[in-house]
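Student: Residue numbers (numbering that gives the first Met the number 0), protein chains in the order written: chain A, 0 to 255; chain B, 0 to 111.
Idealized CB from N, CA, C, for every residue including glycine.
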Amino acid sequence: MADTIDRTALQQFLLRMGDNTLILGHRVSEWCGHAPVLEEDIALANTALDLIGQTQLWLDYAAEVEGAGRSADDLAFLRDVWDFRNVLLVELPNGDFGQTLMRQFLYDAWASIMLGRLQKSADERVREIAEKAAKENAYHVERSADTVVGLGDGTEESHKRMQAALDYLYPYVGELFESDATDAAMVEAGVAPDPAGLREDYDALVGRVMADATLRLPEKAYVHRGGRSGTMHTEHLGHLLCTMQWLQRAYPGCRW
Amino acid sequence: MSSVNPSAYPDTDSDAAPPRKEWPLWEIFIRGQHGMSHRHVGSLHAPDSEMAIKNARDVYTRRNEGVSIWAVESRHIAATVPSEKGPMFEPSESKVYRHPTFYDIPDEVGHM
């Protein structure tokens with residue numbers, strides 16, 4: 000399959016998928032040992048581990064398609080900011096617990112639709128990864144949606160914080176649905192859907208959950224972009240990579 | 000004095016206690032395989048029954064331990080009173096005839 004299509008575009012697509020799960024997985028893992036209650040701490044760590052596991056599959060394949068002798072670990076730990084292809088949404092700081100769960104839901108909702116479409120991919124490898132990831136995501140989206148509703152439709156304080164989180168994060172949602180030449184090549188090859196085509200299902204799902212959560216979606220939100228195309232990341236990604244990559248940078252090839 | 004405590008966890012009983020800031024406590028039961036019974040595995044805090052099941056999934060089934068989860072709010076569990084354990088349990092100590100050790104079981108019966 001991969002031999003008959005634009006390998007550069009396929010590799011970019013795989014990096015986008017894998018960098019999303021890698022960076023979000025790392026962000027969520029930052030809660031380990033710090034969550035407000037033990038049960039949420041374990042749940043968040045489970046989610047982070049699921050995302051890192053998905054990363055392994057996406058980046059393994061990306062490295063294979065690249066064919067430059069790099070491994071998934073090399074891609075995760077030895078690239079710098081400008082080589083990452085994740086959307087800006089997933090690199091934003093955790094903020095408070097509500098902001099973390101709002102970001103999680105906004106991502107999970109997108110992933111639930113994207114992974115559903117990818118299970119019909121013409122690329123067998125992509126299909127297999129999507130099938131595994133979709134099962135994990137089905138639980139993630141249920142949990143994050145429940146928490147968004149619980150906190151949004153909760154106390155005055157929790158409602159206020161969730162609305163603030165939504166107002167802050169929503170301008171980063173639009174990037175998930177941008178299409179470029181890479182996407183066009185993936186559509187052409189039947190590997191992945193046009194991101195813009197996911198928007199309708201996404202708006203329906205997010206609209207339903209926000210209504211239950213008594214939260215108001217910002218109107219005419221500005222769209223921050225640049226992450227998935229690699230033209231611009233937020234200042235936050237560099238700080239995240241500092242922590243995530245420090246060991247491999249200081250002690251190259253270190254194993255344990 | 001009754002030997003049964005209708006609520007094993009009086010601290011979590013919302014009827015009497017002042018408004019609590021903690022989530023209620025739940026007891027978690029997990030069935031390891033089809034055909035086996037649910038077994039108590041521990042407890043956790045959760046705001047409602049749905050989250051109790053989700054938390055149980057995350058806390059107690061991370062290593063593929065279960066095929067089914069029950070959650071029951073701890074305050075609904077009736078329990079024996081520890082100080083009454085003499086009258087509750089000691090009378091059966093002297094009744095050895097309740098153990099089926101006085102019968103010769105023919106070999107051909109096999110395991111029973």
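1) Just grab the DSSP bridge partners of Val3 (chain B) for me.
2) Inspect the beta-carbon positions of Asn19 (chain A) and Val80 (chain A) and report whether they are closer than 7 Å.
3) List the residues of chain B that Val36 (chain A) touches, going by C-beta distances under 7 Å, in chain order.
4) Kindly list the residues whose CB is nearer than 7 Å to the CB of Gly257 (chain A), restricted to its own chain and excluding five residues on each side of it in sequence; keep chain order.
5) Considering only the alpha carbon of each residue, which of A:Val125, A:Leu50, A:Glu218, A:Val186 lies closest to Asp172 (chain A)?
6) Over the uninterrupted beta strand (DSSP E) stretch that includes Phe28 (chain B), give me the two end residues.
7) Mind checking which residues open and close the beta strand (DSSP E) that includes Leu43 (chain B)?
8) Sort out for me which residues DSSP pairs Val36 (chain A) with in a bridge.
9) Give a yes or no on whether the minimum CB-CB distance between Lys53 (chain B) and chain A is below 7 Å.
10) Indicate whether at least one CB of chain B lies closer than 7 Å to the CB of Ile51 (chain A).
11) Less than 7 Å between CB atoms is the rule here; does Asn45 (chain A) satisfy it with respect to chain B?
12) Hey, how far is the Cα of Gly196 (chain A) from the Cα of Ile76 (chain B)?
13) From Gln103 (chain A) to Glu72 (chain B), what distance separates their C-alpha atoms?
14) Would you mind reading off the limits of the beta strand (DSSP E) that contains Ile68 (chain B)?
15) By the DSSP assignment, the alpha helix (DSSP H) with Lys159 (chain A) in it spans what residues?
16) With distances taken between CB atoms, is the gap from Leu100 (chain A) to Thr146 (chain A) smaller than 7 Å?
17) Can you give me the C-alpha to C-alpha distance between Ala133 (chain A) and Gly115 (chain A), rounded to a whole angstrom?
18) Classify Phe88 (chain B) as helix, strand or coil using the three-state DSSP reduction.
19) Check whether the Cβ of Val58 (chain B) lies closer than 7 Å to any Cβ atom in chain A.
20) Which two residues bound the contiguous alpha helix (DSSP H) that contains Lys150 (chain B)?
21) For Ile41 (chain A), return the contacting residues in chain B, with the cut-off set at a CB-CB distance below 7 Å.
22) Counting only beta-carbon separations shorter than 7 Å, does Arg142 (chain A) have a partner in chain B?
23) So for Cys241 (chain A), helix, strand or coil by DSSP?
24) Closer than 8 Å between beta carbons: that is the criterion. Which residues of the segment 97-119 of chain A meet it against chain B?
25) Determine the chain B residues that contact Asp145 (chain A) at a beta-carbon separation under 8 Å, and present them in chain order.
26) Taking the C-alpha atoms as reference points, what is the distance between Phe76 (chain A) and Arg74 (chain B)?
27) Within 10 angstroms of its Cβ, does Phe101 (chain B) collect 16 or more other Cβ (buried), or is it exposed?
28) Is Tyr169 (chain A) a contact residue of the ligand FMN, with contact defined as CB to any heavy atom under 6 Å?
29) I need the straight-line Cα distance from Arg62 (chain B) to Arg97 (chain B), nearest angstrom please.
30) Smallest Cα separation from Asp57 (chain B): which of A:Gly52, A:Ala61, A:Ala42?
31) For His37 (chain B) versus Arg30 (chain B), is the C-beta spacing smaller than 7 Å?
32) Out of A:Tyr169, A:Thr54, A:Val186, A:Leu48, state which residue places its alpha-carbon closest to the alpha-carbon of Gly206 (chain A).
33) Name the residues in the segment 59-89 of chain B whose C-beta lies less than 8 Å from a C-beta of chain A; which are they?
34) Is it true that the segment 52-59 of chain A meets the segment 15-32 of chain A, where meeting means three or more beta-carbon pairs spaced less than 8 Å apart?
Tutor: Result, derived from the coordinates:
1) B:Thr79
2) no
3) His44
4) What is shown of chain A runs 0 to 255, which leaves residue 257 (chain A) out entirely.
5) Note that residue 172 (chain A) is Val in the sequence shown, not Asp. Nearest option by C-alpha distance: A:Glu218.
6) 24-30
7) 38-44
8) DSSP lists no partner for Val36 (chain A).
9) yes
10) no
11) yes
12) 51 Å
13) 28 Å
14) 67-72
15) 155-168
16) yes
17) 7 Å
18) helix
19) yes
20) Residue 150 (chain B) falls outside the range modelled here, since chain B spans only 0 to 111, and no answer is possible.
21) Asp57, Val58
22) yes
23) helix
24) none
25) Glu49, Met50, Lys53
26) 49 Å
27) exposed
28) The model depicted lacks the ligand FMN and carries no ligand whatsoever.
29) 40 Å
30) A:Ala42
31) yes
32) A:Tyr169
33) Arg61
34) yes
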